[in-house]
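Protein sequence lines, in the order shown, are assigned to chains A and B. 1 is the number of the first residue of the first sequence in our numbering; add one for each residue after it. 1001 is the number of the first residue of the second sequence in our numbering; add one for each residue after it.
2 protein chains.
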Amino acid sequence: MDSPAGFFDRLRLASRARSSLLCVGLDPSPEHLDRGADGALAFCTDIVERTHAATCCYKPNAAFWEQYGPDGWRALALLRARIPDDIPVLLDGKRADVAPTMRAYATAAFDALRMDAATVHAYHGSDSLREYTRYADRGVYVVCRTSNPGSRDLQHLLTPDVPLYLRVARLAASLDTNSNVGLVVGTTAPEQVREIREHHPEIPFLLPGIGWQGGDLEAAVGAAWNGDPASCLISVSRGVLYADDPAKAADVYRRQINDVLATSPAPRSAQ
Amino acid sequence: MDSPAGFFDRLRLASRARSSLLCVGLDPSPEHLDRGADGALAFCTDIVERTHAATCCYKPNAAFWEQYGPDGWRALALLRARIPDDIPVLLDGKRADVAPTMRAYATAAFDALRMDAATVHAYHGSDSLREYTRYADRGVYVVCRTSNPGSRDLQHLLTPDVPLYLRVARLAASLDTNSNVGLVVGTTAPEQVREIREHHPEIPFLLPGIGWQGGDLEAAVGAAWNGDPASCLISVSRGVLYADDPAKAADVYRRQINDVLATSPAPRSAQ
């Protein structure tokens, strides 16, 4: 069976097939693993084998592979080929540069590494972002409100009427001519998740920060979910990777998320 | 002779030794070159051999190497080892993520690839940036005002009293406890170069956008230069790489910059 052309349609299929909104971050750490990039590849391959029944998307963060040097990029390319065909893979690289440079980054993510989606920063503006969004069959998540303490340093500045993160959301939404644009919104700030959802009822969210960073799963899912399986992609990395039983941990997260959905009034009906 | 501990001191030495403020961007393009990553490596090695007498810093942009996939990263690591020891190398990657992820990016840039300096985005705030600035012997250029048309989409928003790029500059300056923080300021916006220099008289600038992007060399150098050889690092990529005679092109840029300095009243004396 051919997979749908659009990233978010592929994500919806994978989500429905597994009754899961869980995205597992594939972020190997040399502090936890030995044998360098080979060890990272073996570890993450094992994680995929243990967790794919409960996972609708995998999200390798480029940083954790780059720290191994060139061997890390080779391991990442091999890992990507080992992920089941019906589960989309999202490269979390948060790239941003002038347009000709963004074109090269998009080539790296979408052609060289064959990723289904990628994260980007909006600071360079629309001409930069369009180098990613013009790939109509790939997804583009624009970093909007991050999950870390320093997020308030710039993202909450009033510009001059609304906070910067709402300007970023507006810019991202204005580029969504291919129905392939989403937003990264941290679960550590459920008030902002709700506010951004109010301004943008339909745009898909990628929600990191659950687990080690202390994100609020219940509040964030409740605020983000709009009934669309692509609306609320919950990312967990260390909470699955370094659990005693990663398969069980992924399934527990999957069910916790679904429990929140069962009690959330969705603004529009499930698709 | 041991090289100085700080990046900007190494940059000043290289600049004085060559009477040059020219930084050459090592950004190979598959449209101009064949033989994939091997061709890119051979081409850029040749560029270094032809231009090092006129160049005080080399700046590979990560995107142009990543577009070749894992082979590109291997080529970049080999290229780095071929650059003369007394010329610092700046990895233009513009990374930004939460702190543990930035730590992995910093490991990639400073340990795995042994770069002397790197570019970063400030959107994640201070805890993120500190993962780079804590490397006291490496330089960190924070992207402040970019050279592309979309730069006005977010960077000029009033926040609420000053434009966002001045907030970014202020945040970067506040993290300069190791004297290793600079700003990326595009030469296409000499008014902003002047404004940022007025607010931050001492911070080193990296100034891209000369050549293909149409930056104003004379106005930007005149506005950025403060008499410190590290204050005004002018980056040129395509204008050198794809010149008929790269050695001559680099030397012409070097002299054009010096001609501007000769007529610029520096706010403080040359060091």
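Glycine included, each C-beta is placed from N, C-alpha and C at the ideal position.
9 Å Cβ cut-off: residues of chain A touching residue i
{"i": "B:Leu1207", "result": "Going along chain A, no residue has its Cβ under 9 Å from B:Leu1207, so there is no contact; the nearest lies around 13 Å."}
{"i": "B:Arg1074", "result": "Gly69, Pro70, Asp71, Trp73 and Arg74"}
{"i": "B:Asp1244", "result": "Near B:Asp1244 there are no residues of chain A at all, since even the closest Cβ is about 21 Å away, more than 9 Å."}
{"i": "B:Pro1160", "result": "Leu157, Leu158, Thr159, Pro160 and Asp161"}
Alpha-carbon spacing of residue i relative to residue j, whole angstroms
{"i": "B:Thr1177", "j": "B:Cys1232", "result": "20 Å"}
{"i": "B:Ala1104", "j": "B:Thr1263", "result": "44 Å"}
{"i": "B:Pro1100", "j": "A:Trp73", "result": "19 Å"}
{"i": "B:Val1181", "j": "B:Glu1202", "result": "11 Å"}
{"i": "B:Pro1208", "j": "B:Asp1244", "result": "21 Å"}
{"i": "B:Ala1122", "j": "B:Tyr1135", "result": "17 Å"}
{"i": "A:Asn258", "j": "B:Tyr1242", "result": "56 Å"}
{"i": "A:Leu166", "j": "B:Ser1179", "result": "34 Å"}
{"i": "A:Glu66", "j": "B:Val1142", "result": "20 Å"}
{"i": "B:Gly1239", "j": "A:Ala42", "result": "44 Å"}
{"i": "A:Gly150", "j": "B:Leu1157", "result": "20 Å"}
{"i": "A:Tyr68", "j": "A:Ala81", "result": "19 Å"}
{"i": "A:Thr133", "j": "A:Met102", "result": "11 Å"}
{"i": "A:Met1", "j": "A:Pro30", "result": "Unreliable placement is indicated for A:Met1, whose pLDDT of 49 sits below 50; no coordinate value is reported for it."}
{"i": "B:Ala1062", "j": "A:Lys248", "result": "38 Å"}
{"i": "A:Thr187", "j": "B:Asp1038", "result": "43 Å"}
{"i": "B:Leu1183", "j": "B:Leu1206", "result": "6 Å"}
{"i": "B:Leu1164", "j": "A:Phe8", "result": "32 Å"}
{"i": "B:Gln1256", "j": "A:Ala108", "result": "35 Å"}
{"i": "A:Val162", "j": "B:Ala1106", "result": "33 Å"}
{"i": "A:Asp46", "j": "A:Ile234", "result": "21 Å"}
{"i": "A:Gly25", "j": "B:Met1115", "result": "27 Å"}
Buried versus exposed call for residue i [16 or more other C-beta atoms within 10 Å across all chains shown]
{"i": "A:Gly214", "result": "exposed"}
{"i": "B:Gln1271", "result": "Residue confidence for B:Gln1271 is low, a pLDDT of 40 falling below 50, so the modelled location carries little weight; the figure read from the coordinates is stated next. Answer is exposed; the Cβ neighbour count stays below 16."}
{"i": "A:Arg12", "result": "buried"}
{"i": "B:Ser1174", "result": "exposed"}
{"i": "A:Arg138", "result": "buried"}
{"i": "B:Trp1225", "result": "buried"}
{"i": "B:Ala1005", "result": "exposed"}
{"i": "A:Arg35", "result": "exposed"}
{"i": "A:His200", "result": "buried"}
{"i": "A:Arg10", "result": "buried"}
{"i": "A:Glu131", "result": "buried"}
{"i": "B:Arg1016", "result": "exposed"}
{"i": "B:Glu1198", "result": "exposed"}
{"i": "A:Pro60", "result": "buried"}
{"i": "B:Asp1228", "result": "buried"}
{"i": "B:His1124", "result": "buried"}
{"i": "B:Asp1027", "result": "buried"}
{"i": "A:Ser269", "result": "Low per-residue confidence applies at A:Ser269: pLDDT is 41, beneath 50, and the placement is therefore not dependable enough to give any value."}
Where residue i meets chain B, residues with beta-carbon distance less than 8 Å
{"i": "A:Asn148", "result": "Val1098, Ala1099, His1124, Gly1125, Asp1127 and Ser1128"}
{"i": "A:Leu164", "result": "Leu1154, Leu1157, Thr1159 and Leu1164"}
{"i": "A:Ala77", "result": "Gly1069 and Pro1070"}
{"i": "A:Ala117", "result": "In chain order: nothing, as chain B lies at least about 16 Å away."}
Sub-8 Å separation of residue i and residue j beta-carbons
{"i": "A:Leu171", "j": "B:Leu1154", "result": "yes"}
{"i": "B:Asp1092", "j": "A:Lys94", "result": "no"}
{"i": "A:Ala117", "j": "A:Cys144", "result": "no"}
{"i": "B:Ala1053", "j": "B:Arg1018", "result": "yes"}
{"i": "B:Ala1230", "j": "B:Thr1051", "result": "no"}
{"i": "B:Pro1088", "j": "B:Cys1057", "result": "yes"}
{"i": "A:Pro70", "j": "B:Pro1070", "result": "yes"}
{"i": "A:Thr159", "j": "B:Thr1146", "result": "no"}
{"i": "B:Ser1020", "j": "B:Thr1055", "result": "yes"}
{"i": "A:Val260", "j": "A:Leu217", "result": "yes"}
{"i": "A:Ile196", "j": "A:Val236", "result": "no"}
{"i": "B:Pro1246", "j": "B:Ala1223", "result": "no"}
{"i": "B:Leu1254", "j": "B:Leu1090", "result": "A small correction: the amino acid at residue 1254 of chain B is Arg; Leu does not occupy that position in the sequence shown. Contact flag unset, no."}
{"i": "B:Leu1113", "j": "B:Val1120", "result": "no"}
Per-residue contacts from residue i into chain A (C-beta, under 7 Å)
{"i": "B:His1032", "result": "Here the premise fails: no neighbours, minimum Cβ distance about 12 Å."}
{"i": "B:Asp1153", "result": "Gly125, Ser126 and Leu171"}
{"i": "B:Arg1167", "result": "Leu154 and Leu157"}
Listed by chain order, chain B residues near residue i by CB distance under 7 Å
{"i": "A:Val143", "result": "Tyr1123"}
{"i": "A:Val140", "result": "Going along chain B, no residue has its Cβ under 7 Å from A:Val140, so there is no contact; the nearest lies around 15 Å."}
{"i": "A:Tyr105", "result": "Ala1063 and Glu1066"}
Under 8 Å by beta carbon: chain A residues contacting residue i
{"i": "B:Lys1059", "result": "The premise fails here: B:Lys1059 is roughly 12 Å from chain A at the closest Cβ pair, so nothing lies under 8 Å."}
{"i": "B:Ala1189", "result": "By Cβ distance, chain A contributes nothing, its closest Cβ being about 13 Å from B:Ala1189, past 8 Å."}
Any non-hydrogen atom of the ligand SAM closer than 7 Å to residue i Cβ
{"i": "B:Cys1144", "result": "As for the ligand SAM, it is missing from this structure, which has no ligand bound."}
Residue i at chain E interface by Cβ criterion, 8 Å
{"i": "B:Leu1113", "result": "Absent from the structure: chain E. Protein chains present are A and B."}
Uninterrupted alpha helix (DSSP H) stretches inside the stretch 38-104 of chain A (no shorter than 4 residues): Listed in chain order, the complete alpha helix (DSSP H) runs (minimum 4 residues) inside the stretch 38-104 of chain A are 62-66 and 70-81.
Continuous beta strand (DSSP E) assignments of at least 3 residues falling wholly in the stretch 1104-1177 of chain B: Listed in chain order, the complete beta strand (DSSP E) runs (minimum 3 residues) inside the stretch 1104-1177 of chain B are 1117-1120 and 1139-1145.
Contiguous beta strand (DSSP E) assignments of at least 3 residues, all confined to the stretch 1173-1258 of chain B: You should have 1181-1185, 1205-1207 and 1232-1236.
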